[in-house]
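Working notes for the structure below.
Residue numbers (the numbering used here): 3 to 354.
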């Protein structure tokens, strides 16, 4: 328990032999449940999870950790058991093994389903590669427990010191995805959306329909969109990252286009659901009209340039009209963004 709130940790692991055991053994004593999900690893990850769980349970019995009331996992939850085998808890660790490889997002979804079944007050996600400083977990939990946020996430971009510690290629990719996620999610102050060190309240987890979460590396971006539609408060917490001997399993040639297309779909879904179905706000129409007008202007300029190249005497009226359409469309898009920022301003906070 942490400040009278039960805490669960979702620990997705795929080929993390040599790392996942240390993460389990170093987990803070106030954590009530550790949902360790083996995503059909091909190395010794599964054996290491169970070995570390036994060591953790033995340490707790010796009194090295805080004694807490254990929650009871509901292994009968169909959405969970249809995708994974939930084994008997070893101490506070619930070993879960996927029936098929589902990726990082799929493993997070499995852990969230288990936490929902347990009724955990706050659920934290921690990578199994040892990149995350477990001593910082309290900073994520505090906004949830205090009632100031429904979702808290680490942010490696708030501090210059933390930004400098990030490898350059990761920083550039992160910056691009941060901008795209701001537009898609409506959380315009939130940065570092790829940060997997997060905490979410039970109420927020129950509201977002976990079964429909995206099952790929963009799950964290997808989650932000769903949280915004449901009016959930998000806290961005300055957080360092630890880069060691682990190797990323992300294939960027597949990752970037796949996540970008998902964000576009989510953006359109958010506009429809939040501003047309659940309520009405003209910013949805400004976005759509602005995009259509700006696109028409760009296509018109292209057509005029093509005609001018083939026939130098082509009049300039078409190019001026196309340029005006592009300027008008851009103005509508900017106006829509301003309205969008105002709508979500009260839902965001940053913690240094």
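Ideal Cβ positions, reconstructed from N, Cα and C, are used throughout, including at glycine.
This one's a predicted model, so the numbers in the text were calculated from it and none came from an experiment.
Inter-residue Cα distance where the pair is residue i and residue j
i: residue 96; j: residue 16; result: 16 Å
i: residue 191; j: residue 173; result: 17 Å
i: residue 101; j: residue 138; result: 33 Å
i: residue 3; j: residue 155; result: 20 Å
i: residue 149; j: residue 28; result: 27 Å
i: residue 54; j: residue 26; result: 6 Å
i: residue 332; j: residue 350; result: 26 Å
i: residue 231; j: residue 183; result: 14 Å
i: residue 185; j: residue 272; result: 10 Å
i: residue 224; j: residue 215; result: 7 Å
i: residue 12; j: residue 132; result: 14 Å
i: residue 204; j: residue 19; result: 31 Å
i: residue 71; j: residue 292; result: Here the model assigns residue 71 a pLDDT of 45, short of 50, so the residue's position is not dependable, and the following value carries that caveat. When rounded, the distance between both Cα atoms is 55 Å.
i: residue 242; j: residue 108; result: 25 Å
i: residue 62; j: residue 91; result: 14 Å
i: residue 48; j: residue 42; result: 9 Å
i: residue 21; j: residue 334; result: 50 Å
i: residue 147; j: residue 9; result: 10 Å
i: residue 323; j: residue 290; result: 20 Å
i: residue 57; j: residue 119; result: 26 Å
i: residue 187; j: residue 195; result: 10 Å
i: residue 240; j: residue 14; result: 23 Å
i: residue 362; j: residue 162; result: In this structure the chain extends from 3 to 354, so residue 362 is not present and cannot be described.
i: residue 89; j: residue 129; result: 20 Å
i: residue 74; j: residue 87; result: Low confidence applies to residue 74: its pLDDT is 49, below 50, so where it sits in the model is not reliable, and the reading given next is rough at best. Roughly 16 Å between the two C-alpha positions.
i: residue 80; j: residue 7; result: 26 Å
i: residue 258; j: residue 50; result: 32 Å
i: residue 134; j: residue 209; result: 27 Å
i: residue 83; j: residue 136; result: 29 Å
i: residue 145; j: residue 300; result: 45 Å
i: residue 354; j: residue 170; result: 22 Å
Best match in the options for proximity to residue i [C-alpha to C-alpha]
i: residue 93; options: 36, 103 and 208; result: 36
i: residue 52; options: 34, 33, 114 and 23; result: 23
i: residue 261; options: 286, 222 and 46; result: 222
i: residue 263; options: 218, 325 and 239; result: 218
i: residue 85; options: 326, 91, 111 and 49; result: 111
i: residue 60; options: 31, 259, 346 and 46; result: 31
i: residue 227; options: 276, 242, 204 and 237; result: 276
i: residue 220; options: 342, 175 and 238; result: 175
i: residue 329; options: 62, 346, 302 and 345; result: 302
i: residue 348; options: 129, 321 and 237; result: 237
i: residue 153; options: 140, 134, 207 and 162; result: 207
i: residue 5; options: 299, 140 and 80; result: 140
i: residue 280; options: 298, 233, 297 and 239; result: 233
i: residue 298; options: 321, 353 and 45; result: 321
i: residue 346; options: 145, 229 and 7; result: 229
i: residue 344; options: 189, 99 and 80; result: 189
i: residue 44; options: 80, 99 and 83; result: 99
i: residue 342; options: 312, 352, 354 and 288; result: 288
i: residue 352; options: 157, 46 and 134; result: 157
Supposed close pair residue i, residue j - CB separation, criterion 8 Å
i: residue 159; j: residue 193; result: 5 Å
i: residue 2; j: residue 235; result: Limits of the chain in this structure are 3 at one end and 354 at the other, which puts residue 2 out of reach.
i: residue 115; j: residue 33; result: Between residue 33 and residue 115 the Cβ distance is about 18 Å, and since that is not below 8 Å, they are no contact.
i: residue 39; j: residue 121; result: Not a contact, Cβ separation roughly 19 Å.
i: residue 2; j: residue 295; result: Only positions 3 to 354 of the chain appear in this structure, which leaves residue 2 out of reach.
Practice problem: Entirely within the segment 102-154 and at least 3 residues each: give me those beta strand (DSSP E) ranges in chain order. | Solution: Those beta strand (DSSP E) runs which fall completely within the segment 102-154 and span 3+ residues are 124-127.
Quiz item: Is the segment 184-202 close to the segment 115-127, with three or more CB pairs under 8 Å?
Solution: Yes, they touch.
Exercise. Could you tell me whether the segment 266-280 touches the segment 295-310, using the rule of 3 or more Cβ pairs below 8 Å?
Key: Result no; under three Cβ-Cβ pairs closer than 8 Å.
Self-check item: the segment 277-288 contacting the segment 336-349, beta-carbon criterion three pairs below 8 Å
Solution: A contact is defined here as three or more CB-CB pairs under 8 Å, and the segment 277-288 meets this definition with respect to the segment 336-349.
Self-check item: Inter-stretch contact (C-beta, 8 Å, three-pair minimum) for the segment 179-190 and the segment 104-117
Solution: With the cut-off at 8 Å, the segment 179-190 and the segment 104-117 do not touch.
Quiz prompt | alpha helix (DSSP H) segments (min. 4 residues) lying fully within the segment 32-68 | solution = Correct list: 47-63.
Quiz prompt | Complete alpha helix (DSSP H) runs within the segment 167-217 (minimum length 4 residues, chain order) | solution = Correct list: 170-187 and 204-209.
Quiz item: Which full runs of the beta strand (DSSP E) of 3+ residues lie inside the segment 281-339, going along the chain?
Solution: If we require 3 residues or more, the segment 281-339 turns out to have no beta strand (DSSP E) run fully inside it.
Exercise. Would you list, in sequence order, the uninterrupted alpha helix (DSSP H) runs of no fewer than 4 residues that lie entirely inside the segment 213-242?
Key: Within the segment 213-242, the complete alpha helix (DSSP H) runs of at least 4 residues fall at 221-231.
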